[in-house]
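Student:
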Amino acid sequence: MDRIRLWHTLRLCSIRGANERAEYLKKHHVLKSVGRHCSFMPRKVPLYPNLIKLGDYVNISSNVSFFTHDGVHNVLGKQNEVLPKELKDHKFDESIGCIEIGNHVFIAANVAIGYNTKIGDNVVVTAGSVITNDIPSNSVVRGNPAKVICTLTQYLAMKAVKKTYPAELDHRIGQYVSKELEDWLWEEFNKSREKK
């Protein structure tokens, strides 16, 4: 990691809020571009950050990794015993590419985004997904490699019908839930396992 990237990474670590981290990235031109009203939970500046664009209203959760390159070229060449003779002297280039994220995109925790990928507008990327290809607008994706599991409209309809807890118990205190909501959630959790 060079000094500039290290400096920006240390600065990201010292900034408490995700919105403030996105504003820092924007103000200091760390990424190619950062749109309006973004939040950025990661605390590490990826390699070649100028190859990453974020649209408006993009929410990047914790531990999202941006891979603007691969390191395969480091293990290919003269030192590699398995390569055929004719490839021993070949110079393998590092694969490098851009990542573009559209508007109104939510990327959940622990997602890996590969180079030469574009995520369209109005997209939800579920936790742990691996993005290896372009993601169409108005979709929800999951998996490794990530695949479309439904449209955004279908997802929103499902979320509107399925209530996760009674509204009267919505008493969150900072980053904790009230004792009443805690008890209710554990009761529901255990009930759902008894049915299986």
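Residue 2 is where the sequence shown starts when you use the numbering used here, and the numbers rise one by one after that.
Ideal Cβ positions, reconstructed from N, Cα and C, are used throughout, including at glycine.
With a 10 Å radius around its C-beta and 16 neighbouring C-beta atoms as the bar for buried, classify N191 as buried or exposed.
Tutor: Indexing the sequence shown from 1 puts residue 191 at position 190. With fewer than 16 Cβ atoms within 10 Å of its Cβ, N191 is classed as exposed.
Student: Considering only the alpha carbon of each residue, which of L48, K54 and S96 lies closest to V73?
Tutor: Numbered from 1 along the sequence shown, position 72 holds the residue referred to as residue 73. The shortest Cα separation from V73 among L48, K54 and S96 belongs to S96.
Student: I'd like to know whether the C-beta atoms of A109 and S62 end up nearer to each other than 8 Å.
Tutor: As a position in the sequence shown, residue 109 is number 108, starting the count at 1. As a position in the sequence shown, residue 62 is number 61, starting the count at 1. Contact: yes.
Student: Quick check: the region 113 to 133 against the region 83 to 93, are there 3 or more CB pairs under 8 Å?
Tutor: The region 113 to 133 is not in contact with the region 83 to 93.
Student: Of all the CB atoms in chain C, is at least one closer than 8 Å to the CB of E189?
Tutor: Reference to chain C is not applicable here, since this structure consists of a single protein chain.
Student: Based on Cα-Cα distance, which residue from T165, P43, E189 and V141 lies nearest to Q155?
Tutor: The residue labelled residue 155 in the question sits at position 154 within the sequence shown. The candidate whose alpha carbon is nearest that of Q155 is V141.
Student: Tell me which same chain residues have a C-beta within less than 7 Å of the C-beta of R143, skipping the five on either side of it?
Tutor: Stepping through the sequence shown from its first residue, residue 143 is reached at position 142. Excluding sequence neighbours, R143 sits near T127, S130 and I150.
Student: Report the residue ranges of all beta strand (DSSP E) runs contained in full by the region 31 to 55; include only those spanning at least 3 residues, in chain order.
Tutor: Here the runs fully enclosed are 53 to 55.
Student: Would you mind reading off the limits of the beta strand (DSSP E) that contains C151?
Tutor: Within the sequence shown, the letter at position 150 stands for residue 151. That run of the beta strand (DSSP E) goes K148 to T152.
Student: Would you mind sorting Y49 into buried or exposed? The rule is 16 or more other CB atoms within 10 Å of its CB.
Tutor: Counting from 1 along the sequence shown, the entry for residue 49 is found at position 48. Per the 10 Å Cβ criterion, buried.
Student: Count the other CB atoms within 10 Å of the CB of I174; is the residue buried (16 or more) or exposed (fewer)?
Tutor: Counting from one through the sequence shown, the residue named residue 174 turns up at place 173. Under this definition I174 is an exposed residue.
Student: Roughly how many angstroms separate the alpha carbons of E188 and K163, rounded to a whole number?
Tutor: Reading the sequence shown from its first residue, position 187 is the one you call residue 188. Reading the sequence shown from its first residue, position 162 is the one you call residue 163. Using only the alpha carbons, I get a separation of about 17 Å.
Student: Among the candidates S179, G36, P43 and K27, whose CA atom is the shortest distance from the CA of R17?
Tutor: As a first step, residue 17 must be located in the sequence shown, where it is residue number 16. Minimum Cα distance to R17 is reached at P43.
Student: What are the partner residues of V83, as DSSP defines its beta bridges?
Tutor: To locate residue 83, count along the sequence shown from 1; it is residue 82. Answer by DSSP bridge pairing: none, since V83 is not bridged.
Student: Would you kindly work out how many angstroms separate the C-alpha atoms of L182 and H105, rounded to a whole number?
Tutor: As a first step, residue 182 is located in the sequence shown; it is residue number 181 there, counting from the start. As a first step, residue 105 is located in the sequence shown; it is residue number 104 there, counting from the start. Rounded to whole angstroms, L182 to H105 spans 30 Å at the Cα level.
Student: Taking just the CA atoms, how far does D90 sit from K27?
Tutor: The residue given as residue 27 occupies position 26 in the sequence shown. The residue given as residue 90 occupies position 89 in the sequence shown. The straight-line gap from Cα to Cα measures roughly 43 Å.
Student: Any idea what DSSP makes of K192, helix, strand or coil?
Tutor: Here residue 192 refers to the residue found at position 191 when the sequence shown is read from its first residue. If DSSP states are grouped into helix, strand and coil, K192 belongs with the helices.
Student: Determine the burial state of T118: buried for a count of at least 16 other Cβ atoms within 10 Å of its Cβ, exposed for fewer.
Tutor: One-based indexing of the sequence shown puts residue 118 at position 117. That one is buried.
Student: Under the three-state reduction of DSSP, which class applies to Y25: helix, strand or coil?
Tutor: As a position in the sequence shown, residue 25 is number 24, starting the count at 1. Helix.
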